[in-house]
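Student: In my numbering, the protein residues as written are -2 to 895.
(1) Mapping the DSSP letters down to three states, classify residue 502 as helix, strand or coil.
(2) On the premise that residue 678 lies in contact with residue 652, defined as a C-beta separation below 8 Å, what is that separation, rounded to the nearest angstrom?
(3) Are the segment 299 to 316 and the segment 325 to 342 in contact at 8 Å, needing three or more beta carbon pairs?
(4) Kindly indicate which residue of 635, 741, 705 has the alpha-carbon position closest to the one of residue 715.
(5) According to DSSP, simplified to helix, strand and coil, what is residue 54?
(6) Below 6 Å CB to CB, which residues in the same chain sit around residue 109 once its five sequence neighbours on both sides are set aside?
(7) If residue 665 and residue 643 are in contact, beta carbons under 8 Å, what's the gap, nearest whole angstrom?
(8) Would you call residue 87 buried or exposed, if buried means 16 or more other Cβ atoms sit within 10 Å of its Cβ?
(9) Enumerate in chain order the residues of its own chain whose CB-to-CB distance from residue 494 is below 6 Å, with the five nearest sequence positions on each side excluded.
(10) Buried or exposed: which applies to residue 782, given that a residue is buried once 16 or more other Cβ atoms fall within 10 Å of its Cβ?
(11) I want to know whether the segment 770 to 778 touches the segment 743 to 757 - three or more CB-CB distances under 8 Å.
(12) Would you check if the distance between the CB atom of residue 491 and the CB atom of residue 509 is smaller than 7 Å?
(13) What did DSSP end up calling residue 265 once you bin it into helix, strand or coil?
(14) What are the boundary residues of the alpha helix (DSSP H) that residue 671 is part of?
(15) Counting pairs of Cβ atoms below 8 Å between the segment 425 to 435 and the segment 621 to 636, do you hit three or more?
(16) Looking only at C-alpha atoms, which of 694, 872, 62 sits nearest to residue 670?
(17) Of all the options 449, 525, 436, 453, which has the alpha carbon lying nearest to the alpha carbon of residue 487?
(18) Which term fits residue 541, buried or exposed, when burial requires 16 or more other beta carbons within 10 angstroms of its beta carbon?
(19) In whole angstroms, what is the alpha-carbon distance linking residue 697 and residue 9?
(20) Could you check how far apart the C-beta atoms of residue 914 and residue 365 are, in whole angstroms? I think they sit under 8 Å.
(21) Just the C-alpha distance for residue 847 and residue 797, rounded to the nearest angstrom, thanks.
(22) Buried or exposed, going by whether 16 or more other CB atoms sit within 10 Å of the CB of residue 354?
(23) For residue 884, which residues of its own chain have a beta-carbon under 6 Å away from its beta-carbon, when the five flanking residues on both sides are left out?
(24) Helix, strand or coil: which one does DSSP assign to residue 274?
(25) Which ranges would you report for the beta strand (DSSP E) in the segment 830 to 878 if only whole runs of at least 3 residues count?
(26) Suppose you measure from the CA of residue 676 to the CA of residue 628; what does that come to, to the nearest Å?
(27) Are there 16 or more other CB atoms within 10 angstroms of the CB of residue 877, so buried, or fewer, so exposed?
(28) Tell me the DSSP bridge mates of residue 681?
(29) Using three-state DSSP, classify residue 775 as helix, strand or coil.
(30) Using only CA atoms, which one of 881, 882, 867 lies nearest to residue 888?
(31) Taking its Cβ as the centre, do 16 or more other Cβ atoms sit within 10 Å of residue 122, making it buried, or is it exposed?
(32) Residue 477: buried (16+ other C-beta within 10 angstroms of its C-beta) or exposed?
(33) Check whether the segment 257 to 270 and the segment 185 to 195 are in contact - that is, three or more C-beta pairs closer than 8 Å.
(34) Which residue marks the beginning of the alpha helix (DSSP H) containing residue 783, and which one marks its end?
(35) Using three-state DSSP, classify residue 885 as helix, strand or coil.
(36) Mind checking who residue 473 pairs with in its DSSP beta bridge?
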């Protein structure tokens, strides 16, 4: 992980050097020399991280010192740039002041140069220390840090002949997989079992391998354990010898054959015979690409079953293959497996007289396993060696630690702990994904994380590398990093949008524990949890929070989980967070704590990320101008009445989220200085917003991609036309809107999502056709205003996937037009969208529609659906349609949404 820190710090300094070189004049040489030292040091850190993760105390100390030296270098350079920038911008009033400025600056340059040189020398000495303890320079700094050595491979190796007598659960999974492998009507060449570590993929594959139906269907069988280090030739030979009978001489001849000849023989036997081959635990696409030449790419009677933690491996093996992901055990299955592993049937257990008490203790401990089979096996194996309720009580006191470490010995056997097994997935991550995974430890158990916001924070943190020419696609790059964590089964998908992108996600509790553990080891993050009264990162009570302030000021990131009685202001007042770069404050309820902002401003000048939501009434002081490094600021759910004009000083700000659920009639006043934020990419305004002056100049904010709740009364499409990167636009007004006049020739070719919301709009109808013509690529459209009529079909947005109409007061049946939109998947008609009494879905209408909502269509009486309309509808919501006589007969079986 020192390599990760060094990489992130180097990237940040290089970006600073490119963006604010004029403020580093005089120390640029020292900065470039320090960067060179860091980049050279990286070549040693792959092995250093491996050794530090083991029992090498010297390596661990070196790695810790390297991490802190890299952070110190960042602090020194960023602090100097921050102090130099305002001085150079103010100019000099007279000769005496100019002379004093030059003297002060020269003295500061000498100091900063000396400090940078000192840190560079320290880094050079640490590199020498690494060499002295035998750590070698590596030329590969792109892969994960812990390759699977021979001892690890032996520990992880799964044998095909060992059948688990305590196999529990997965009956439905077994049935499906057997069907996929044996069905003849829709044959699948490759079937894959995917999922996170410890889920039981290998156990399930072994159950399939010995299944009676499988044994009668196939004539030949072979199993190979792959793991992270794969010798392709050994795998091919092993499989070939299992699938065919050879004499000793023939085996010797095969061993002396070329790789091509061995691959061809293995390929041929699968073509000629009905074989089942299982490749257990494939870790990456490169391994499959090395192995695949020995397996038929066309459909044959033979089948291939893979197990992997990485869904991209399965997809690469066969784009049309089956990817099956088992789920964790439910409560009943978990208890059954636990009883078997803990030995509830043992005679000594039944004779102890404490069986009922031990069952109660077991149930309490089982909750910490969260349904993960490996965790249940580890816990049950440990308890199988304990014979009294007293011993079980001692285990319960530290159950999470026992499950994590798994250092148990029963009958001479050792069971690997959950953290060791899941840690292999972490070690296998490429370096650029490791800080992204560690960042997930900010979030509480079962927290549903907004993916778009997560990516914005990763970008603000500097985890996603880019250059100035590449900034337009940085959100997509961040999303691809997130997607890779999902494909590696380290993050779980929660919800998908209708375009197919993941909108929210979760982290399995035990995977989150791993993230917390690694974050603690690397001093990556401090978590203070006032809800549980537990400091998760240090396993200490928050009642002793002051004891941890020295720890907090050494880390760069702070996550605070609040409750109503959290002494947040006291915490901030007592602590000195000199180097803090990120604060994520989670406030589940609308808890007033806006008073802390004055203290925040005074204490955290180095912040890049500040997420402080549901904080009640918040007034941002003029001193917010000091947050010159801030990239991400979210006060979502808080009540922010206005921004000070000094917000224009936050030149690095990329995301500003001021959305609120406040329903009061008080308008938020937007300072025109927002137009000075050249780096701003995502702007979310409160529901009711007005400009402090009559116009907001947007031409300088050309990077803007998201603009939400912009007041229509101040709308100037000529200004908006400068936002060539705009992907999401939502306009709002609280009164009847004027006509949406879009000057000829203006096009919003990047716009994907458009919303127009006008309250109290019943009196004036608006023609939306001009603006729809200007943004032909929109796939999500939300209209909440009275419109004259729907545009003609040839002028309507053919790319639409989702359409929501609210208070549009349409007189004509909209279904005749909307039913011809070829890509429409989601349609919502809400509250007076349609005023007619009859609605007809014509033959062949809505070919792609999957979700339909009819809510508060008070005039609707008759709804007719032709026989070939709505062929893909699977979700129907009808609410508040009091006059509707009945639902069409052919839609009776559609699942009704809540």
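C-beta atoms are modelled at their ideal positions from N, C-alpha and C, and glycine is treated no differently.
Tutor: In short:
(1) Locating residue 502 in the chain shown gives position 505, where the first residue counts as 1. Residue 502 falls in the strand class under three-state DSSP.
(2) For the purposes of this step, residue 652 is taken as the residue at position 655 of the chain shown. For the purposes of this step, residue 678 is taken as the residue at position 681 of the chain shown. About 7 Å separates the two Cβ atoms, so the contact holds.
(3) Contact between the segment 299 to 316 and the segment 325 to 342 is absent, because fewer than three Cβ pairs lie under 8 Å.
(4) Walking along the chain shown from the start, residue 715 turns up at place 718. Answer by Cα proximity: 741.
(5) Here residue 54 refers to the residue found at position 57 when the chain shown is read from its first residue. Helix at residue 54.
(6) For this step, residue 109 is matched to residue 112 along the chain shown. The beta carbon of residue 109 sits closer than 6 Å to those of 24, 77, all from its chain and outside the five residues before and after it, given in chain order.
(7) Locating residue 665 in the chain shown gives position 668, counting from the first residue. Locating residue 643 in the chain shown gives position 646, counting from the first residue. Between residue 665 and residue 643 the beta-carbon gap is near 17 Å, outside 8 Å, which marks them as no contact.
(8) Locating residue 87 in the chain shown gives position 90, counting from the first residue. Because the pLDDT of residue 87 is 47, which lies under 50, any placement of that residue in the model is unreliable, and the number read from its coordinates should be weighed accordingly. Exposed, because fewer than 16 other Cβ atoms sit within 10 Å of the Cβ of residue 87.
(9) As a first step, residue 494 must be located in the chain shown, where it is residue number 497. Counting only Cβ-Cβ distances below 6 Å, and skipping sequence neighbours, we find 500.
(10) Here residue 782 corresponds to residue number 785 of the chain shown, with the count starting at 1. Buried, since its Cβ has 16 or more Cβ neighbours within 10 Å.
(11) Touching, per the Cβ criterion.
(12) Walking along the chain shown from the start, residue 491 turns up at place 494. Walking along the chain shown from the start, residue 509 turns up at place 512. Result no, Cβ atoms of residue 491 and residue 509 do not sit closer than 7 Å.
(13) For the purposes of this step, residue 265 is identified with residue 268 of the chain shown, where counting begins at 1. DSSP places residue 265 in helix when its eight states are reduced to three.
(14) Walking along the chain shown from the start, residue 671 turns up at place 674. Under the DSSP assignment, residue 671 falls outside any alpha helix (DSSP H); it carries neither an H nor an E label.
(15) Of all C-beta pairs linking the segment 425 to 435 to the segment 621 to 636, fewer than three are shorter than 8 Å, placing the two stretches out of contact.
(16) Within the chain shown, numbered from 1, the residue matching residue 670 stands at position 673. When the alpha-carbon of residue 670 is set against those of 694, 872, 62, the nearest one is in 694.
(17) Within the chain shown, the letter at position 490 stands for residue 487. That would be 436, whose Cα lies nearest to the Cα of residue 487.
(18) On the chain shown, position 544 is the one that residue 541 refers to. In this prediction, residue 541 scores a pLDDT of 40, lower than 50, which makes its location untrustworthy; the coordinate-derived value is nonetheless stated afterwards. Residue 541 should be labelled exposed.
(19) Counting from one through the chain shown, the residue named residue 697 turns up at place 700. Counting from one through the chain shown, the residue named residue 9 turns up at place 12. About 24 Å.
(20) This structure does not reach residue 914, given that the chain is present from -2 up to 895, and the question cannot be answered.
(21) Numbered from 1 along the chain shown, position 850 holds the residue referred to as residue 847. Numbered from 1 along the chain shown, position 800 holds the residue referred to as residue 797. Near 13 Å, if we compare the C-alpha coordinates of residue 797 and residue 847.
(22) Against the chain shown, residue 354 aligns to sequence position 357. Burial call: exposed.
(23) Here residue 884 refers to the residue found at position 887 of the chain shown. Cβ neighbours of residue 884 beyond the five flanking positions: none.
(24) As a first step, residue 274 must be located in the chain shown, where it is residue number 277. Residue state, collapsed to three classes: strand.
(25) With a minimum length of 3 residues, the continuous beta strand (DSSP E) runs that stay inside the segment 830 to 878 are 835 to 838, 848 to 852, 859 to 862, 872 to 876.
(26) Here residue 676 is taken as the residue at index 679 of the chain shown, counted from 1. Here residue 628 is taken as the residue at index 631 of the chain shown, counted from 1. Rounded to whole angstroms, residue 676 to residue 628 spans 9 Å at the Cα level.
(27) Locating residue 877 in the chain shown gives position 880, counting from the first residue. Burial call: exposed.
(28) What you label residue 681 is simply residue 684 of the chain shown in a count that begins at 1. Answer is 654, 705, bridged to residue 681.
(29) Position 778 of the chain shown, counting from 1, holds the residue named residue 775. Coil, per DSSP.
(30) As a first step, residue 888 is located in the chain shown; it is residue number 891 there, counting from the start. Among 881, 882, 867, the Cα nearest to that of residue 888 is on 867.
(31) Here residue 122 is taken as the residue at index 125 of the chain shown, counted from 1. Residue 122 comes out exposed.
(32) In the chain shown, the residue the question calls residue 477 occupies position 480. By the beta-carbon neighbour count (other beta carbons within 10 angstroms, threshold 16), residue 477 is exposed.
(33) The segment 257 to 270, when compared against the segment 185 to 195, does not touch it at the 8 Å Cβ threshold.
(34) Sequence index remark: in the chain shown, residue 783 carries index 786 (1-based). That residue, residue 783, is in no alpha helix (DSSP H); it is neither H nor E in DSSP.
(35) Working through the chain shown from its first residue, we reach residue 885 at position 888. When secondary structure is reduced to three states using DSSP, residue 885 falls in the coil class, being assigned neither helix nor strand.
(36) For the purposes of this step, residue 473 is taken as residue 476 along the chain shown, with counting starting at 1. None, per the DSSP bridge assignment.
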